[in-house]
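Asks:
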Amino acid sequence: MFYMTAALKTKPTTGDRLLAIAVYAIIIAFALACLIPFWLVFLNSFAEESVLQTEGYKLWIDSFHLDAYRFVLAGKQVAKSYGVTVFVTVVGTASALLLTSTYAYVLSHRRVKYRNVLSFLTYFTMIFGAGLVGFYMLMVSWLHLKDSIWAMILPYLLNPFYAFILVAFFRNLPYEIYESATVDGVGDFRIFFRIVWPISTPALATVGLFYALQFWNDWWLSLLFIDDRDLHSLQMMIRQLMSSVSAASYVGGGTAYVSQPPTEGVKLATVCLTIGPIVLLYPYVQRHFVQGLTIGAVKG
Amino acid sequence: MHGLIKELRTNRSLYALGLPGMIFLFVFAYLPLFGHLLAFKDYKLRDGIWGSKWVGFTNFKFFFGGEDWKLVTFNTIYLNLLFLVFGLGFALLVALLLNEIRRAAIKTVSQSFIFLPYFISWLVVSFMTYAMFHTDGVLNRALEAVKADPVNLYQTPGIWPLLLTLIYVWKFSGYYSIIFLAAITGISSEIYESATIDGASRYRQILHITIPQLRSVVIVLALLGIGRIFYGDFGMIYGIIGDNGMLYPTTDVIDTYSYRALRQLGDFSMSSAIVLYQSFLGLCAILLFNWLARKVDRDATLY
């Protein structure tokens, strides 16, 4: 043992040292490259509109202004869009977790004779999709969800891939839990909600975060089904601001401003307000994602 | 039949628990399959899906009669291959490098920065891309500062496979490198210890221990990508390129093409033919994927 630690502490060679320098240089450069777009968007959202228009984005600005934020927050649209995105994310994630976990539990349960049939039927949806047209017709003609907030929630409630992650997790739970509970006459619903659910918190938290991120960032469903401005999510708001001719009229409530509306600043401010919650929760979110991915990688 | 009823009765509470999920799959995954029928019909809104006339393979003849199908099929495969090779390759490099960093603070902070782009939507990415590369963007102002000629990338189709690959690498390196790092952590430290005793440098250890040990993870991720090779990332392509027709020759993929056929031309039957063509190719790719997975590496079989 002594021999080993001694061997491990031998002096690094020149080659090793050069390699180490290269390693640090590349990683730090790439990490900065990942960060810089965020930095530019965040910093320049405080820049003066005239400076943005004439000089573009800068790595550092000399004077900080809140005009763009004041303008966006004075309007009605941002409150509506925040409301839509928060509602879709909260209700969507909660329902998706409930639906996915109950379904995955049934797929994983040894007593369910047809669990393999169900698994195959679930797997099949991953390998042969219905595609855009059938989905569009289902949503618009059959379910009549055009311009309904549920159009942004319902289609994502059960992702087969996440269901299979949970199936793998539930299968690894000790079977004795069920046996002793069943002997005690506890029903399946109570076993699931009182015993399985609490001990599965780590897996559920990870899957929940995957869902939450999907709901927060989605704009595909809004693009297809939402025309009503009152139901525009934050993502749609960014899209409108990027393409819309008049930011002022879209944001709304611009009457407080007599001068030119801060067109460029408004986009930056809206982007910051949209990714703000993700960045604020990032340390917590990142930890759970890393744990989830690590479990997946070790199993896969 | 008798067995089915008996099973449903004995485990009725379990099936009840799974019922919402089953209903969901039936409605959202199986019912829309009827949409594929439209590929063989001349769909008229007032006649509905069942009332519209059967036209056999007319829609397919029209689709395959033009040149577009070759272009969008090629773009889909080509872009996905670029993403797969460079996305995984660079993420592997990042993971190997991160693993060599001994200073915990630098490692944690860089890893956080590298993972950050994974968490934002394609629309925000699109906004950032535009800010970087449009005619008045960061890139052109930098070129101006060094007295170089400005470039108009949004009218230069040839550059976009490269740009999209860069964006993909930027967004997903963190995600994939975490998977690789997890696999690296799983490698037994004894292998490295004995290599050190034998006098192997860190460089040789990475080359001859770490990389070979990551083989099955790389294969799994690569095969997963191959299984999805006919599905373009709609959010990415449509988010970044949008309706900029100038760039279609190098960026239009099956998904954006069928979307436009449906939403902008309102041609349900045509779009449906394209979608069925894609679903069919996708199914072939998955079957190939499973066959390859079993052939290449037993540990790598996913399903």
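Chains as they are written, first to last, in the working numbering: chain A, 168 to 467; chain W, 84 to 386. Just so it is clear, CB atoms sit at the ideal spot from N, CA and C, and this is done for glycine as well.
1) For Asp-219(W), which residues in chain A fall below 7 Å Cβ to Cβ?
2) Within 10 angstroms of the Cβ of Ile-337(W), are there 16 or more other Cβ atoms? Answer buried if so, exposed if not.
3) Within this structure, are the beta carbons of Met-409(A) and Ile-393(A) separated by less than 9 Å?
4) Could I get the ranges of all uninterrupted alpha helix (DSSP H) runs contained in the segment 209-248 of chain A, with 4 residues as the minimum, in chain order?
5) What residue from Phe-216(W), Thr-339(W), Val-303(W) has the CA that sits closest to Phe-372(W)'s CA?
6) Quick check on Val-151(W): does DSSP put it in helix, strand or coil?
7) So Val-221(W) is in the alpha helix (DSSP H); what residue range does that whole segment cover?
8) Report yes or no: is there a C-beta of chain A within less than 9 Å of the C-beta of Met-215(W)?
9) Could you pull the DSSP bridge partners for Asp-350(W) from this structure?
10) Taking the alpha carbon of Val-239(A) as the point to measure from, which residue in Val-433(A), Tyr-272(A), Ile-294(A) has its own alpha carbon closest?
11) Roughly how many angstroms lie between the CA atoms of Gly-301(A) and Pro-322(A), to the nearest whole one?
12) Taking contact to mean 3 or more Cβ pairs, one atom from each stretch, closer than 8 Å, check whether the segment 142-152 of chain W and the segment 232-246 of chain W are in contact.
13) Which residues in chain A sit within 7 Å of Asn-327(W), going by Cβ to Cβ distance?
14) At 9 Å on the CB atoms, spell out the chain W contacts of Ile-193(A), in chain order.
15) Identify every residue that forms a DSSP beta bridge with Phe-124(W).
16) From which residue to which residue does the alpha helix (DSSP H) around Val-374(A) run?
17) Let's see if you can read the secondary structure: which residues bound the alpha helix (DSSP H) around Leu-285(A)?
18) Check whether the Cβ of Val-243(A) lies closer than 9 Å to any Cβ atom in chain W.
19) Give the range of the alpha helix (DSSP H) segment to which His-85(W) is assigned.
20) Can you pull the chain W neighbours of Arg-406(A), defined as C-beta to C-beta under 7 Å?
21) At a Cβ cut of 9 Å, what residues of the segment 239-251 of chain W count as close to chain A, listed as they run along the chain?
22) Hey, out of Gly-443(A), Leu-380(A), Tyr-281(A), whose CA is closest to Thr-256(A)'s CA?
23) By how many angstroms is the C-alpha of Val-307(A) removed from the C-alpha of Leu-385(W)?
24) Please go through the segment 173-246 of chain W and give each complete alpha helix (DSSP H) segment of 4 or more residues, from N-terminal end onward.
25) Using only alpha-carbon positions, find the residue among Ala-112(W), Glu-183(W), Arg-224(W), Phe-202(W) that is nearest to Tyr-451(A).
26) Check this for me: beta carbons of Ile-132(W) and Phe-117(W), under 9 Å apart or not?
27) For chain A, check one thing: does any of its Cβ atoms lie closer than 9 Å to the Cβ of Gln-194(W)?
28) Along chain A, which residues have their Cβ under 7 Å away from the Cβ of Arg-377(W)?
29) If we count the other Cβ atoms within 10 Å of its Cβ and call it buried at 16 or more, is Val-425(A) buried or exposed?
30) By Cβ distance below 7 Å, which residues in the same chain neighbour Leu-348(W) in space, the five residues on each side in sequence not counted?
31) Go to Ala-414(A), then tell me how far its alpha helix (DSSP H) extends in each direction, as first and last residue.
32) Drop a sphere of 10 angstroms on the beta-carbon of Ala-367(A), count the other beta-carbons inside from all chains shown, and report buried for 16 or more, exposed for fewer.
33) Can you find a heavy atom of the ligand HEM that lies under 8 Å from the Cβ of Ser-195(W)?
34) With 16 other CB atoms within 10 Å as the buried threshold, where does Ile-442(A) fall?
35) Can you name the start and end residues of the alpha helix (DSSP H) that Trp-387(A) belongs to?
Replies: A quick look at the data gives this:
1) Sequence index remark: in the second sequence, residue 219(W) carries index 136 (1-based). The contacting residues are Gly-223.
2) Here residue 337(W) refers to the residue found at position 254 when the second sequence is read from its first residue. The Cβ neighbour count for Ile-337(W), taken over all protein chains shown within 10 Å, is at least 16; the residue is labelled buried.
3) Here the question's residue 409(A) lines up with position 242 in the first sequence. Here the question's residue 393(A) lines up with position 226 in the first sequence. Result no, Cβ atoms of Met-409(A) and Ile-393(A) do not sit closer than 9 Å.
4) With a minimum length of 4 residues, the continuous alpha helix (DSSP H) runs that stay inside the segment 209-248 of chain A are 216-222, 234-241.
5) Start at 1 with the first residue of the second sequence, and residue 372(W) comes out as number 289. Check the Cα spacing between Phe-372(W) and each of Phe-216(W), Thr-339(W), Val-303(W): the tightest is with Val-303(W).
6) Taking the first residue of the second sequence as 1, we reach residue 151(W) at position 68. The question names Val, but residue 151(W) in the sequence shown is Asp. Helix at Asp-151(W).
7) Mapped onto the second sequence, residue 221(W) falls at position 138. Counting along the chain, the alpha helix (DSSP H) containing Val-221(W) begins and ends at 221-228.
8) For the purposes of this step, residue 215(W) is taken as the residue at position 132 of the second sequence. Met-215(W) counts as touching chain A.
9) For the purposes of this step, residue 350(W) is taken as residue 267 along the second sequence, with counting starting at 1. Paired residues: none, contrary to the question.
10) Position 72 of the first sequence holds residue 239(A). When each option's Cα is compared against that of Val-239(A), the closest is Val-433(A).
11) The residue given as residue 301(A) occupies position 134 in the first sequence. The residue given as residue 322(A) occupies position 155 in the first sequence. In this structure, the alpha-carbon of Gly-301(A) lies about 13 Å from that of Pro-322(A).
12) Because the criterion of three Cβ pairs below 8 Å is not met, the segment 142-152 of chain W and the segment 232-246 of chain W do not touch.
13) For the purposes of this step, residue 327(W) is identified with residue 244 of the second sequence, where counting begins at 1. Correct list: empty, because the minimum Cβ distance to chain A is about 11 Å.
14) Taking the first sequence and counting its residues from 1, one reaches residue 193(A) at position 26. Residues of chain W passing the Cβ test: Leu-176, Val-177, Leu-180.
15) For the purposes of this step, residue 124(W) is taken as the residue at position 41 of the second sequence. The amino acid occupying residue 124(W) in the given sequence is Lys; Phe does not appear at that position. The beta-bridge partner set that DSSP reports for Lys-124(W) consists of Trp-137(W).
16) Your numbering for residue 374(A) matches position 207 in the first sequence. 368-384 is the span of the alpha helix (DSSP H), which, as asked, contains Val-374(A).
17) The residue given as residue 285(A) occupies position 118 in the first sequence. DSSP places Leu-285(A) in the uninterrupted alpha helix (DSSP H) bounded by 282-294.
18) Indexing the first sequence from 1 puts residue 243(A) at position 76. The sequence shown places Lys at residue 243(A), rather than the Val named in the question. Chain W, which has no Cβ nearer than 9 Å to the Cβ of Lys-243(A), makes this no.
19) Along the second sequence, read from residue 1 onward, the residue named residue 85(W) stands at position 2. For His-85(W), the enclosing alpha helix (DSSP H) starts and ends at 85-93.
20) Sequence index remark: in the first sequence, residue 406(A) carries index 239 (1-based). Leu-206, listed in chain order.
21) Using a CB distance below 9 Å, no part of the segment 239-251 of chain W faces chain A.
22) Translated into the one-based positions of the first sequence, residue 256(A) becomes position 89. Of the candidates Gly-443(A), Leu-380(A), Tyr-281(A), the one whose C-alpha sits nearest the C-alpha of Thr-256(A) is Leu-380(A).
23) Counted from its first residue, the second sequence places residue 385(W) at position 302. Counted from its first residue, the first sequence places residue 307(A) at position 140. Reliability fails at Leu-385(W), whose pLDDT of 48 lies under 50, so the model's placement of it is uncertain and the value that follows must be treated cautiously. Roughly 36 Å separates the two Cα atoms.
24) Qualifying alpha helix (DSSP H) stretches, in chain order: 187-198, 205-216, 221-228.
25) The residue labelled residue 451(A) in the question sits at position 284 within the first sequence. Nearest C-alpha to Tyr-451(A): Phe-202(W).
26) For this step, residue 132(W) is matched to residue 49 along the second sequence. For this step, residue 117(W) is matched to residue 34 along the second sequence. The criterion of a C-beta distance shorter than 9 Å is satisfied by Ile-132(W) and Phe-117(W).
27) What you label residue 194(W) is simply residue 111 of the second sequence in a count that begins at 1. Closer than 9 Å: yes.
28) Residue mapping note: residue 377(W) aligns to position 294 of the second sequence, counting from 1. Ordered by position in chain A, no residue passes the 7 Å Cβ test against Arg-377(W), which lies about 15 Å from the chain.
29) Here residue 425(A) refers to the residue found at position 258 of the first sequence. With a pLDDT of only 47 at Val-425(A), under 50, the local geometry of the prediction cannot be trusted, and no value is derived from it.
30) The sequence position of residue 348(W) within the second sequence is 265, counting from 1. No residues qualify anywhere along the chain.
31) As a first step, residue 414(A) must be located in the first sequence, where it is residue number 247. Where Ala-414(A) is concerned, the enclosing alpha helix (DSSP H) stretches over 414-418.
32) For the purposes of this step, residue 367(A) is taken as the residue at position 200 of the first sequence. Looking at the sequence shown, residue 367(A) is not Ala but Ser. Buried: at least 16 other Cβ atoms inside 10 Å.
33) In the structure on display, the ligand HEM does not appear, and there are no ligands present to speak of.
34) Residue numbering aside, residue 442(A) sits at position 275 when the first sequence is read from its first letter. So Ile-442(A) ends up on the buried side.
35) Numbered from its first residue, the first sequence carries residue 387(A) at position 220. Taken as a continuous stretch (DSSP letters only), the alpha helix (DSSP H) holding Trp-387(A) covers 387-392.
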